Amino acid sequence: MTFGDKIRKLRIEKKMTQQKLGAMVGVSYRTIRAWEVDGRYPKQSSLYQKLADAFQCRVSYLMDDNETVCLGNDEPSEYSGAKQARQILEQTAALFASGTMANEDKTIFMDEMTRLYLESKKNRRKW
Numbered sequence: 001m002t003f004g005d006k007i008r009k010l011r012i013e014k015k016m017t018q019q020k021l022g023a024m025v026g027v028s029y030r031t032i033r034a035w036e037v038d039g040r041y042p043k044q045s046s047l048y049q050k051l052a053d054a055f056q057c058r059v060s061y062l063m064d065d066n067e068t069v070c071l072g073n074d075e076p077s078e079y080s081g082a083k084q085a086r087q088i089l090e091q092t093a094a095l096f097a098s099g100t101m102a103n104e105d106k107t108i109f110m111d112e113m114t115r116l117y118l119e120s121k122k123n124r125r126k127w
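The C-terminal position of the sequence shown is numbered 127 in the UniProt record's numbering, with every residue numbered one higher than the one before it.
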């Protein structure tokens, strides 16, 4: 199931409109539509947590192995980077759940991960 399929399914289960979900996470209904229909992904890592909070689900559910956005890799999950990416996600989830990291530091960490992903994607296009 794609990221957009998950968002749409969860939104409908929670009986939310695209407008209501957008207001909850701080984006327009057009952004929600782009995620659901056009196959787009959030550009800010903090939106994944806001979506998870809105749907009362885990961020890891939204960032499934089948989603290249969570892997930082455009290759399917069978490739070598997928296992390492899963390990990093599991370690990060454990760190966040431990309560030893301030929310501000979690946000900084996720923003840095997003920056690294976007930078690597940009550099990959150059080659």
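The beta-carbon is built from N, C-alpha and C at its ideal position, and this holds for glycine as well.
As the structure is a prediction and not an experimental result, all values here were calculated from the model.
Could you check if Q84 is buried or exposed, using at least 16 other CB atoms within 10 Å of its CB as the buried criterion?
-> Q84 should be labelled exposed.
Output the distance between the C-alpha atoms of R11 and R40, rounded to the nearest integer angstrom.
-> Straight through space, the alpha carbons of R40 and R11 are spaced by roughly 16 Å.
DSSP on G99, reduced to helix/strand/coil?
-> It is coil, neither helix nor strand.
Excluding sequence positions up to five away, which residues of its chain have a Cβ less than 7 Å from the Cβ of G22?
-> Around G22: S28, Y29, T31, I32.
Quick one: what does DSSP say V27 is sitting in, helix, strand or coil?
-> Here V27 carries a coil assignment [DSSP, helix/strand/coil].
Beta-carbon proximity list for T17, same chain, < 7 Å, skipping 5 on both sides | Within its own chain, no residue has a Cβ closer than 7 Å to the Cβ of T17 once the five positions on either side in sequence are excluded.
Could you work out which residue in S60, K43, D111 is closest to Q87 when comparing CA atoms only?
-> In this structure, S60 is the residue among S60, K43, D111 with its C-alpha nearest to the C-alpha of Q87.
Runs of beta strand (DSSP E) lying entirely within the UniProt domain "HTH cro/C1-type" (7–62), each at least 3 residues, in chain order | Secondary structure within the UniProt domain "HTH cro/C1-type" (7–62): not one fully enclosed beta strand (DSSP E) run of 3 or more consecutive residues is present.
To the nearest angstrom, report how far apart E36 and L118 are at their CA atoms.
-> If you take the alpha carbons of E36 and L118, they lie about 21 Å apart.
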